[in-house]
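Engineer: Chains C and A supply the protein sequences, listed in that same order.
Residue numbering for the first sequence follows this note's numbering, beginning at 1 and increasing consecutively.
Residue numbering for the second sequence follows this note's numbering, beginning at 1 and increasing consecutively.
Positions of the beta carbon are idealized from the N, C-alpha and C atoms, including for glycine.
Small disclaimer: the values here were computed from a predicted structure and weren't measured.
If you scroll down you'll find the structure; I have some questions about it.
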Amino acid sequence: MTNWVLACDTAEIDEEDLIRFDHEDKTYAIYNTDNGFFATAGYCTHEVQHLEDGLVIGNVIECPLHQGRFEISSGKALSAPVCEDLVTFPVKVEGDQVYIQIV
Amino acid sequence: MSDYQATNAASSGISVPKKNLKALMRRSDKPGLIWLAQWAAFLLITGYGVYLSIGTVWHWPAMFLYGIFLTVPSYALSHECAHGSAFRTRGLNEALLWISSVLYYEEPNHRRFAHARHHTYTWIEGKDAQMPFATPMNFKGWLLEITGWALYVYETRLFIRNALGKFDAEVLDYTPASELGKLKWGARICLAIYAALIGMAAVGIMWPLWFIIIPRLLGAPVMLLFTLIQHVEMQENDVNICKSTRSFSSNWLGRFLYMNMNFHIEHHLYPMVPFHQLESLNAEIKDQIPQPDPGFIRTNLEVLQVVWRRSMGGSTQAASIRQAPHMINTPEVQEMS
Numbered sequence: 001m002t003n004w005v006l007a008c009d010t011a012e013i014d015e016e017d018l019i020r021f022d023h024e025d026k027t028y029a030i031y032n033t034d035n036g037f038f039a040t041a042g043y044c045t046h047e048v049q050h051l052e053d054g055l056v057i058g059n060v061i062e063c064p065l066h067q068g069r070f071e072i073s074s075g076k077a078l079s080a081p082v083c084e085d086l087v088t089f090p091v092k093v094e095g096d097q098v099y100i101q102i103v
Numbered sequence: 001m002s003d004y005q006a007t008n009a010a011s012s013g014i015s016v017p018k019k020n021l022k023a024l025m026r027r028s029d030k031p032g033l034i035w036l037a038q039w040a041a042f043l044l045i046t047g048y049g050v051y052l053s054i055g056t057v058w059h060w061p062a063m064f065l066y067g068i069f070l071t072v073p074s075y076a077l078s079h080e081c082a083h084g085s086a087f088r089t090r091g092l093n094e095a096l097l098w099i100s101s102v103l104y105y106e107e108p109n110h111r112r113f114a115h116a117r118h119h120t121y122t123w124i125e126g127k128d129a130q131m132p133f134a135t136p137m138n139f140k141g142w143l144l145e146i147t148g149w150a151l152y153v154y155e156t157r158l159f160i161r162n163a164l165g166k167f168d169a170e171v172l173d174y175t176p177a178s179e180l181g182k183l184k185w186g187a188r189i190c191l192a193i194y195a196a197l198i199g200m201a202a203v204g205i206m207w208p209l210w211f212i213i214i215p216r217l218l219g220a221p222v223m224l225l226f227t228l229i230q231h232v233e234m235q236e237n238d239v240n241i242c243k244s245t246r247s248f249s250s251n252w253l254g255r256f257l258y259m260n261m262n263f264h265i266e267h268h269l270y271p272m273v274p275f276h277q278l279e280s281l282n283a284e285i286k287d288q289i290p291q292p293d294p295g296f297i298r299t300n301l302e303v304l305q306v307v308w309r310r311s312m313g314g315s316t317q318a319a320s321i322r323q324a325p326h327m328i329n330t331p332e333v334q335e336m337s
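Right, here's the structure in full:
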């Protein structure tokens, strides 16, 4: 079963940035990039660090603790110390609101 | 790992407005390339001194001076490149991570993963992968640390075990399984390089001995005095980095040699901020963090006094540097009371 969940207003995320979104017992990262809005799991796959304070560079998110990088749109791990991909979630924007699809 | 909390700015109660932090985090090649050119110039000048002094009484002092400029920046650059923040260009980071780590005597992939763990769990006993010395430290521990003996024993054993694919439990704990092959081959390549350098010296080709091996050994104590004061005498098992870590004042030479890592609390709070922005980061958060301890020499002298007096059963109260409360022992006061 899937459902769309309201995550935030578009204005809540600065351009080339991300915010943290907690829903039920899960944590997500919602991104605003040049290519649109995206969503991934909120924690780095390497070690206990939320990506919230990470650096968005184009389509890349850099983890704030160890500087491992992921491709935002695909979640693909790009550089050590991260080796495991991020889970991504479909996103849609309706009006000025961002929704993510959660399985 | 959910039973542990990562050591970072949030766990230390420090915050920076996000826009300011993002500005400080921006990568650039220029400062790193300028630093690299300055390093090369120092090596050329001091290396020329080594060349001129061969066969004279000045040869060993010249190798010591050159060794400081070889060893301390090697350590600092390896550290910064392991963070991926020395340069914007990833290839530059990776290439210089290899070169500097080989000079520093640590396999580059191991360097990256062990140091990542050090940041995740800064001086949490049993979790921090880079705090080898026992605490509170005594004079024997200090001597083993600053001569480099502890480092050489630890790294040599690690090189051999990793090259054989017989990884220690702690290595398996902090290294993703998919990266173990890189550790193994990295260790083999490093050992081959070291064997080649020693082999050249053994057959009479002396430049590796005069310009790499002996200067690296002579420069090690200075490098290790820099690294020692980052955490020694501070609090273990506390997620507050301001309690576990020390920043210290430094002149321009110390800041250059150590790539601004005298701002060490700042670095641990926000490890994604590159070396050339640490002074600006300090300006941003100096009201939230402790004042830096005195400079490199003064802080090291006080540490030496403390560990000596600890070994002799005397008071371990330092004159001015920060210490965790349980590091301070004042036996004469206890006797009076």
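If I follow the unbroken beta strand (DSSP E) through H23 (chain C), where does it start and stop?
Structural biologist: Counting from one through the first sequence, the residue named residue 23 (chain C) turns up at place 23. That run of the beta strand (DSSP E) goes 17-23.
Engineer: Quick check on DSSP: helix, strand or coil for V171 (chain A)?
Structural biologist: Position 171 of the second sequence, counted from the first residue, corresponds to residue 171 (chain A). In the structure shown, V171 (chain A) sits in a helix (DSSP, three-state: H, G or I).
Engineer: With a threshold of 8 Å between beta carbons, is L55 (chain C) in contact with chain A?
Structural biologist: The residue labelled residue 55 (chain C) in the question sits at position 55 within the first sequence. Closer than 8 Å: yes.
Engineer: With 16 as the cutoff for other CB atoms within 10 Å, does A6 (chain A) come out buried or exposed?
Structural biologist: The residue labelled residue 6 (chain A) in the question sits at position 6 within the second sequence. Counting Cβ neighbours within 10 Å, A6 (chain A) comes out buried, since at least 16 surround it.
Engineer: Would you report the Cα separation of S85 (chain A) and P31 (chain A), rounded to the nearest angstrom?
Structural biologist: For the purposes of this step, residue 85 (chain A) is identified with residue 85 of the second sequence, where counting begins at 1. For the purposes of this step, residue 31 (chain A) is identified with residue 31 of the second sequence, where counting begins at 1. Cα-Cα distance, rounded: 11 Å.
Engineer: Using the beta-carbon count (16 or more within 10 Å), is R26 (chain A) buried or exposed?
Structural biologist: Here residue 26 (chain A) corresponds to residue number 26 of the second sequence, with the count starting at 1. Counting Cβ neighbours within 10 Å, R26 (chain A) comes out exposed, since fewer than 16 surround it.
Engineer: Residues of chain C with CB under 7 Å from F113 (chain A), in chain order?
Structural biologist: Sequence index remark: in the second sequence, residue 113 (chain A) carries index 113 (1-based). The contacting residues are P81.
Engineer: Does chain C have any CB closer than 8 Å to the CB of G47 (chain A)?
Structural biologist: Stepping through the second sequence from its first residue, residue 47 (chain A) is reached at position 47. No, because no Cβ of chain C sits closer than 8 Å to the Cβ of G47 (chain A).
Engineer: At a cut-off of 7 Å, is I229 (chain A) close to the ligand SAH when judged by its beta-carbon and the heavy atoms of the ligand?
Structural biologist: Absent from the structure shown: the ligand SAH. Ligands present: none.
Engineer: Quick one: which residues of the segment 261-277 of chain A get their C-beta closer than 8 Å to a C-beta of chain C? List them in chain order.
Structural biologist: Listed by position, the residues of the segment 261-277 of chain A near chain C (Cβ gap below 8 Å) are Y270, P271, M272.
Engineer: Which residue wins for smallest C-alpha separation from E62 (chain C), given the options A:L191, A:F256, A:A169, A:K22?
Structural biologist: The residue you call residue 62 (chain C) lines up with position 62 of the first sequence. That would be A:K22, whose Cα lies nearest to the Cα of E62 (chain C).
Engineer: Kindly indicate if chain C contains any beta-carbon less than 8 Å away from that of M25 (chain A).
Structural biologist: Mapped onto the second sequence, residue 25 (chain A) falls at position 25. Interface residue, yes.
Engineer: Please confirm whether N339 (chain A) has its beta-carbon closer than 8 Å to some beta-carbon of chain C.
Structural biologist: Here chain A has residues from 1 to 337 only, and residue 339 (chain A) is not among them.
Engineer: Measure the C-alpha to C-alpha separation of S320 (chain A) and P61 (chain A) and round it to an integer number of angstroms.
Structural biologist: In the second sequence, residue 320 (chain A) corresponds to position 320, counting from 1. In the second sequence, residue 61 (chain A) corresponds to position 61, counting from 1. Straight-line Cα distance between these residues: approximately 32 Å.
Engineer: Roughly how many angstroms separate the alpha carbons of L144 (chain A) and L55 (chain C), rounded to a whole number?
Structural biologist: Here residue 144 (chain A) is taken as the residue at index 144 of the second sequence, counted from 1. Here residue 55 (chain C) is taken as the residue at index 55 of the first sequence, counted from 1. Roughly 40 Å separates the two Cα atoms.
Engineer: In three-state terms, what does DSSP make of K92 (chain C)?
Structural biologist: Indexing the first sequence from 1 puts residue 92 (chain C) at position 92. Looking at K92 (chain C) - three-state DSSP - the assignment turns out to be strand.
Engineer: Helix or strand or just coil, what does DSSP make of M1 (chain A)?
Structural biologist: Numbered from its first residue, the second sequence carries residue 1 (chain A) at position 1. The predicted position of M1 (chain A) is uncertain, since its pLDDT is 41 and thus under 50; no value can be drawn from it.
Engineer: Could you name the residues of chain C that H83 (chain A) contacts, counting a contact when the two beta carbons are closer than 8 Å?
Structural biologist: By one-based count along the second sequence, residue 83 (chain A) stands at place 83. Under the 8 Å cutoff, chain C gives H66, Q67.
Engineer: Could you check what DSSP says for H50 (chain C) in three-state terms: helix, strand or coil?
Structural biologist: Against the first sequence, residue 50 (chain C) aligns to sequence position 50. Residue state, collapsed to three classes: strand.
Engineer: Where does D380 (chain A) land, buried or exposed, given buried means 16+ other C-beta within 10 angstroms?
Structural biologist: Outside the displayed range of chain A (1 to 337) lies residue 380 (chain A), so it cannot be described from this structure.
Engineer: What is the rounded straight-line gap between the Cα of F211 (chain A) and the Cα of A220 (chain A)?
Structural biologist: Here the question's residue 211 (chain A) lines up with position 211 in the second sequence. Here the question's residue 220 (chain A) lines up with position 220 in the second sequence. Answer to the nearest angstrom: the Cα atoms are 14 Å apart.
Engineer: So what does R69 (chain C) bridge to, in DSSP terms?
Structural biologist: Along the first sequence, read from residue 1 onward, the residue named residue 69 (chain C) stands at position 69. Partner(s): C:E62, C:S79.
Engineer: Look up A134 (chain A) in the DSSP assignment and say whether it is helix, strand or coil.
Structural biologist: Mapped onto the second sequence, residue 134 (chain A) falls at position 134. Here A134 (chain A) sits in coil by DSSP.
Engineer: Would you tell me roughly how many angstroms separate the C-alpha atoms of M1 (chain A) and R322 (chain A), rounded to the nearest one?
Structural biologist: Start at 1 with the first residue of the second sequence, and residue 1 (chain A) comes out as number 1. Start at 1 with the first residue of the second sequence, and residue 322 (chain A) comes out as number 322. Residue placement at M1 (chain A) is flagged as unreliable, the pLDDT there being 41, under the threshold of 50; the coordinate-derived value follows with that caveat. Their backbone Cα atoms lie some 30 Å apart in a straight line.
Engineer: I'd like to know if V48 (chain C) contacts chain A, where contact means its C-beta is closer than 8 Å to some C-beta of that chain.
Structural biologist: The residue labelled residue 48 (chain C) in the question sits at position 48 within the first sequence. Taking Cβ atoms only, chain A reaches closer than 8 Å to V48 (chain C), which makes this a yes.
Engineer: Determine the extent of the alpha helix (DSSP H) in which W35 (chain A) is found, giving its start and end residues.
Structural biologist: Position 35 of the second sequence holds residue 35 (chain A). Unbroken alpha helix (DSSP H) run through W35 (chain A): 30-53.
Engineer: Tell me, please, whether the segment 271-287 of chain A touches the segment 44-59 of chain A by the rule of three or more beta-carbon pairs shorter than 8 Å.
Structural biologist: No, the segment 271-287 of chain A is not in contact with the segment 44-59 of chain A.
Engineer: May I have a chain-ordered list of the alpha helix (DSSP H) segments no shorter than 4 residues that lie completely inside the segment 203-271 of chain A?
Structural biologist: The segment 203-271 of chain A contains these whole alpha helix (DSSP H) runs: 214-228, 241-244, 252-257, 264-269.
Engineer: Rounding to the nearest angstrom, what Cα-Cα distance links S337 (chain A) and P331 (chain A) in this structure?
Structural biologist: The count along the second sequence starts at 1 and reaches residue 337 (chain A) at position 337. The count along the second sequence starts at 1 and reaches residue 331 (chain A) at position 331. Since pLDDT at S337 (chain A) reaches only 47, below the 50 mark, its modelled position is unreliable, and the value read off the structure follows with that caveat. If I take the Cα positions, the gap works out to 10 Å.
Engineer: Hey, how far is the Cα of N32 (chain C) from the Cα of T156 (chain A)?
Structural biologist: The residue labelled residue 32 (chain C) in the question sits at position 32 within the first sequence. The residue labelled residue 156 (chain A) in the question sits at position 156 within the second sequence. Answer to the nearest angstrom: the Cα atoms are 47 Å apart.
Engineer: Taking the beta carbon of I214 (chain A) as the centre, do at least 16 other beta carbons fall within 10 Å, making it buried, or is it exposed?
Structural biologist: Against the second sequence, residue 214 (chain A) aligns to sequence position 214. So I214 (chain A) ends up on the buried side.
Engineer: Assign Y154 (chain A) to one of three DSSP states: helix, strand, or coil.
Structural biologist: What you label residue 154 (chain A) is simply residue 154 of the second sequence in a count that begins at 1. Note: Y154 (chain A) maps to helix in three-state DSSP.
Engineer: Distance check for S247 (chain A) and Q291 (chain A), CA to CA, integer angstroms please.
Structural biologist: Residue 291 (chain A) sits at position 291 when you count from the first residue of the second sequence. Residue 247 (chain A) sits at position 247 when you count from the first residue of the second sequence. If you take the alpha carbons of Q291 (chain A) and S247 (chain A), they lie about 8 Å apart.
Engineer: According to DSSP, G36 (chain C) sits in a beta bridge with which residue or residues?
Structural biologist: As a working note, residue 36 (chain C) is residue 36 in the first sequence. In DSSP, G36 (chain C) forms a bridge with C:T33.
Engineer: One question on the structure: do Q130 (chain A) and A150 (chain A) come within less than 8 Å of each other, judged by their Cβ atoms?
Structural biologist: As a working mapping, residue 130 (chain A) is identified with position 130 in the second sequence. As a working mapping, residue 150 (chain A) is identified with position 150 in the second sequence. Result no, Cβ atoms of Q130 (chain A) and A150 (chain A) do not sit closer than 8 Å.
Engineer: Which partner residues of T316 (chain A) appear in the DSSP bridge assignment?
Structural biologist: Here residue 316 (chain A) refers to the residue found at position 316 when the second sequence is read from its first residue. In the DSSP output, where bridge partners are listed per residue, T316 (chain A) has none listed.
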